[in-house]
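Numbering (UniProt numbering), first residue to last: 1 to 167. Heads up, the beta-carbon is just placed ideally off N, CA and C, and yes, glycines get one too. Notes to accompany the following structure.
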């Protein structure tokens with residue numbers, strides 16, 4: 001179950017516009033909460049059956065891929081009923097889209113970046129640039145995950161630091 005993010009879905013019939021409510025997806029079907037009604041936080045948590053999660057760094061293997069989950073975590077954290085996270089895959093060449101994306105979304109974004117071999121270091125440099133030199137919204141809202149095939153494991157993360165653990 002997912003709940004729409006502070007928007008009212010509308011239905012147009014001819015020249016008339018009818019507000020039909022907040023979109024809610026339940027069991028792959030759209031339903032709408034009434035415009036006049038409100039859903040309190042405890043009801044919303046029960047409707048979407050969510051629980052709060054602390055984003056922790058984790059390294060694991062999924063199939064043939066090594067995943068560095070939550071490698072660089074956003075500064076702002078949200079409770080499960082406060083927002084919807086926008087997710088996007090890509091590689092370091094995609095990162096020029098992150099600043100305009102976060103400025104428009106202004107909410108949590110999770111970016112999974114394919115970073116095999118030497119691209120791992122380029123990816124880290126690009127992320128560091130974005131978090132330091134671009135909009136502060138990137139530091140606040142964007143969490144980065146890195147992944148690559150097991151056979152394309154980079155040898156070092158930084159100055160003399162082994163990639164075996166996550167820093």
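Query raised in the report: Whole alpha helix (DSSP H) runs in the region 98-130 with 4 or more residues, listed along the chain?
Result: You should have 98-105.
**Report entry** Burial state of residue 145, where buried means 16 or more other Cβ atoms lie within 10 Å
**Finding:** Buried, since its Cβ has 16 or more Cβ neighbours within 10 Å.
Query - Where the alpha helix (DSSP H) through residue 140 begins and ends - result: Start and end: 136-141.
Query raised in the report: With distances taken between CB atoms, is the gap from residue 70 to residue 50 smaller than 8 Å?
Result: In this structure, residue 50 does not lie closer than 8 Å to residue 70 by Cβ.
Requested in this report: Output the distance between the C-alpha atoms of residue 130 and residue 122, rounded to the nearest integer angstrom.
Outcome: Cα atoms of residue 130 and residue 122: separation of roughly 12 Å, rounded to the nearest angstrom.
Query - Where the beta strand (DSSP E) through residue 67 begins and ends - result: It spans 65-72 - the beta strand (DSSP E) in which residue 67 sits, taken as one unbroken run.
Query - Local conformation of residue 58 per DSSP, three classes - result: Per DSSP, reduced to three states, the secondary structure at residue 58 is strand.
Query raised in the report: Are there 16 or more other CB atoms within 10 angstroms of the CB of residue 102, so buried, or fewer, so exposed?
Result: Taking a 10 Å sphere around the C-beta of residue 102, we find 16 or more other C-beta atoms and assign the residue as buried.
Query raised in the report: With C-beta atoms as the reference, is residue 115 less than 8 Å away from residue 148?
Result: Residue 148 is positioned such that its CB atom lies closer than 8 Å to that of residue 115.
Query raised in the report: Contact check, residue 74 vs residue 108 under 8 Å by CB: the rounded distance?
Result: Sure, about 6 Å apart at Cβ, within 8 Å.
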